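Student: Sending over a structure as structure tokens; questions will come in a sec.
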Amino acid sequence: MRALDLLRYTLLALRRQRFRSLMLLLAVGLGVGAVVVLTALGEGARGYVLGQFSSIGKDTVFIFPGRKETTGGMPPMTGAAARAITLEEVGILQATVPGVDTIAPGILGNGPVSYKSRERRSIVLGTSAGFFEIQGLAAAQGSVLPDMPLDEAMPVAVLGHKLKQELFDNQRAIGQWIRLRDYRFRVVGVLEEGGDSFGADLADAIFIPVASAQSVFNVHGMYRVVLRIKENYDVTAVKAALADRMQELHDGELDVTIVSPDSMLSTLDDILQVLTLGVAGIAAISLVVAGILVMNVTLMSVKQRTAEIGLLKAVGAPAAQVRTLFLAEAGVIAAAGALAGIAMGHVIVIIGRQIYPDVPFSTPGWAQWAALGLAIGTALLFAWLPAQQAADLEPVDALGRK
């Protein structure tokens, strides 16, 4: 039988079983669509996170308390360590390590911020003027934290624009006194919209001098230190110099983690790629379920078309050709359902881009081809047994069945 005749015969058989064909199309299409959408979600999350980190700049270095020895692991973001990084050590690093341009220590906490009768619980970041410069944050009103000694606890604060709106509405905030826990701070600036750090929205945060944060939270150690490297300095060499200096300051023990965006991006990329593959594998399970449905429908079709099978074999159709007829039906329905699922998935991805324009949703090419191949392969695999049963029927027995 020619390929064109085989295709015509297959389409005729599928039209005679419209409801079953539609159900198979739907099952395969949903499975393939799930693969397309979930891999797009994984790639979108990966692109968004990597974009946030890549915006930091290659000339930035982070120091975290605690040592992470495991290859490929992430640094201890919480700052939990046996020995803390102190303000004195931050000052020594800035003064003695060649290549350090700007340094910004950080203390992270949260607490109630109030103005008159209004109160809101917010993120509190104790830092220095260098943080705003490194992160590229600017003030929409007033100014950022003043450039002053790190150990000076000045009662000044900068508000994120959302926090300012919650506390002051449209009233002027600059120059007003607010309360953070049991301490009073004068507002000197309000951040412009869009400020973030590591993907965290800083619009609802309050920024105070690092020494003031030490008093508010009764801590002395930093949860992280951010440094910007001067131009024409090798980042790797500066990281090595920072490690040597911290080891000297900590009695010969290197108990801090020093990372740059490149190493962090590499680790994050590996983790997010594995997650994307994981969600794609979960979605692919639905294609196996669709394959079982194909097997059941094909088996039912064989039982109902025994007379047709007997007639084909009686006029000389070999067993291989009968088997090919049923496999062709499964393959065509799987291919059509897969293409419909890919189209449906792309529509959902496009809608997702419109709703969340900041997230770069996109389905990788390998996922689409893999879903198409898996859908067709699964359908053919599960349809093989019923097709073989049809091929093994004897003409007399097939024609004699009702």
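Per this note's numbering, the very first residue in the sequence shown carries number 210; after that it's consecutive.
In this text, a Cβ means the ideal position worked out from N, Cα and C, and glycines have one as well.
Predicted, not measured: the structure shown is a model, and the values here were computed from it.
1. Do you know offhand how far ASP356's Cα is from ILE383's?
2. Taking the beta carbon of GLN380 as the centre, do at least 16 other beta carbons fall within 10 Å, making it buried, or is it exposed?
3. With H, G and I counted as helix, E and B as strand and the rest as coil, what does DSSP make of GLU462?
4. In whole angstroms, what separates the C-alpha of TYR432 from that of GLY582?
5. Applying the criterion that 16 or more other CB atoms from any shown protein chain within 10 Å of the CB defines a buried residue, is ARG532 buried or exposed?
6. To the nearest angstrom, how far is it from the Cα of GLN563 to the Cα of ALA579?
7. Using 10 angstroms around the beta-carbon of HIS370, count the other beta-carbons present and answer buried if the total reaches 16, otherwise exposed.
8. Specify, as a first and last residue, the run of the alpha helix (DSSP H) that ASP601 falls within.
9. Assuming PRO307 and LEU359 form a contact by the criterion Cβ under 8 angstroms, report the distance between their Cβ atoms to the nearest whole angstrom.
10. Output the boundary residues of the alpha helix (DSSP H) element that contains GLU538.
11. Specify the secondary structure class of ALA338 as computed by DSSP and reduced to three states.
12. Taking C-beta to C-beta, are LEU389 and ARG329 nearer than 8 angstroms?
13. State whether the region 482-491 contacts the region 243-262, with contact taken as three or more CB pairs (one from each stretch) at a distance under 8 angstroms.
14. Quick one, which of LEU302, ALA293, LEU354, ARG292 has its alpha-carbon nearest VAL270's?
15. If you draw a straight line from the alpha carbon of LEU458 to that of VAL465, how long is it in whole angstroms?
16. Put ASN505 into one of helix, strand or coil per three-state DSSP.
17. According to the neighbour-count rule (16 or more other Cβ atoms, all chains shown, within 10 Å of its Cβ), is TYR565 buried or exposed?
18. Hey, GLY550 and LEU589 are a contact pair by Cβ (cut 8 angstroms); roughly how many whole angstroms apart?
19. Taking the continuous beta strand (DSSP E) assigned at VAL425, which residues delimit it?
20. Compute the beta-carbon to beta-carbon distance between VAL237 and ALA584, rounded to the nearest angstrom, for a pair I have assumed lies under 8 angstroms.
21. Rounded to whole angstroms, what is the Cα-Cα separation between LEU594 and VAL468?
22. Could you name the residues that DSSP lists as bridge partners for ARG388?
23. Identify the continuous alpha helix (DSSP H) that holds VAL299 and give its terminal residues.
24. According to DSSP, is PRO314 helix, strand or coil?
25. Which value, in whole angstroms, describes the spacing of the CA atoms of LEU231 and LEU502?
26. Going by other Cβ atoms of all chains shown within 10 Å of its Cβ, with 16 needed for buried, is THR305 buried or exposed?
27. Could you tell me the alpha carbon to alpha carbon distance between VAL241 and MET509, rounded to whole angstroms?
28. In whole angstroms, give me the CA-to-CA distance for LEU484 and TRP386.
29. For GLY335, I'd like the list of residues in its chain whose CB is within less than 6 angstroms of its CB, leaving aside the five on either flank, ordered along the chain.
30. At the 8 angstroms Cβ level, is VAL399 part of the contact set with chain C, yes or no?
31. When burial is assigned at 16 or more other CB atoms within 10 Å of the CB, is LEU234 buried or exposed?
32. Cβ of ALA617 within 8 angstroms of Cβ of ALA528?
33. Where do the N-terminal and C-terminal ends of the alpha helix (DSSP H) with GLN226 fall, by residue?
34. Quick check: what's the CA-CA separation for LEU536 versus THR587?
35. So, is ALA592 buried or exposed, given that buried needs 16 or more other C-beta atoms within 10 angstroms?
36. Can you name the start and end residues of the alpha helix (DSSP H) that LEU372 belongs to?
Tutor: Walking through what the data contain:
1. Distance between the alpha carbons of ASP356 and ILE383 is about 18 angstroms.
2. With fewer than 16 neighbouring CB atoms inside 10 Å of its own CB, GLN380 falls in the exposed class.
3. The answer is coil: DSSP assigns GLU462 none of H, G, I, E or B.
4. GLY582 has its alpha-carbon roughly 49 angstroms from the corresponding atom of TYR432.
5. Classification of ARG532: buried, given that the 10 Å Cβ count is 16 or more.
6. A direct Cα-Cα distance of roughly 26 angstroms separates GLN563 from ALA579.
7. By the 16-neighbour rule on beta-carbons within 10 angstroms, HIS370 is buried.
8. Taken as a continuous stretch (DSSP letters only), the alpha helix (DSSP H) holding ASP601 covers 574-601.
9. LEU359 and PRO307 do not touch by the CB rule: their CB atoms are close to 20 angstroms apart, not below 8 angstroms.
10. If you look at GLU538, you'll find it in the alpha helix (DSSP H) that goes 528-564.
11. Three-state DSSP puts ALA338 in a helix.
12. For LEU389 and ARG329, no; Cβs fall outside 8 angstroms.
13. Using a Cβ-Cβ distance cut-off of 8 angstroms, the region 482-491 and the region 243-262 are in contact, since at least three pairs of beta carbons, one from each stretch, lie closer than that value.
14. Among LEU302, ALA293, LEU354, ARG292, the Cα nearest to that of VAL270 belongs to LEU302.
15. Cα to Cα, the separation comes out at about 11 angstroms.
16. Here DSSP, grouped into helix, strand and coil, assigns ASN505 to helix.
17. The residue is exposed, with fewer than 16 neighbouring Cβ atoms inside 10 Å.
18. For GLY550 against LEU589, the beta-carbon gap comes to about 17 angstroms, at or over 8 angstroms, which does not count as contact.
19. Per DSSP, VAL425 belongs to no beta strand (DSSP E); it is in the alpha helix (DSSP H), 419-426.
20. Going by Cβ atoms, the distance from VAL237 to ALA584 rounds to 5 angstroms, so yes, they are a contact pair.
21. Here the C-alpha atom of LEU594 lies approximately 56 angstroms from the C-alpha atom of VAL468.
22. According to DSSP, ARG388 shares a beta bridge with SER323, ARG393.
23. Annotation for VAL299: the continuous alpha helix (DSSP H) segment containing it runs 296-305.
24. DSSP places PRO314 in the strand class (E or B) of the three-state scheme.
25. Rounded to whole angstroms, LEU231 to LEU502 spans 12 angstroms at the Cα level.
26. Exposed, because fewer than 16 other Cβ atoms sit within 10 Å of the Cβ of THR305.
27. CA-to-CA, the gap between VAL241 and MET509 works out to about 24 angstroms.
28. Between LEU484 and TRP386, the C-alpha separation is close to 47 angstroms.
29. If we look at GLY335 and ignore the five residues flanking it on each side, its Cβ neighbours are ILE316, ILE417, VAL419, ALA422.
30. Considering every chain present, this structure includes no chain C. It has just one protein chain.
31. Counting Cβ neighbours within 10 Å, LEU234 comes out buried, since at least 16 surround it.
32. Outside the modelled stretch of the chain, which goes from 210 to 611, sits residue 617, for which no answer is possible.
33. Counted as a single uninterrupted DSSP element, the stretch harbouring GLN226 is not any alpha helix (DSSP H), since DSSP gives it neither H nor E.
34. Straight-line measurement puts the Cα of THR587 at about 11 angstroms from the Cα of LEU536.
35. With 16 or more other CB atoms across the displayed protein chains lying within 10 angstroms of its CB, ALA592 is buried.
36. LEU372 -> alpha helix (DSSP H) spans 370-377.
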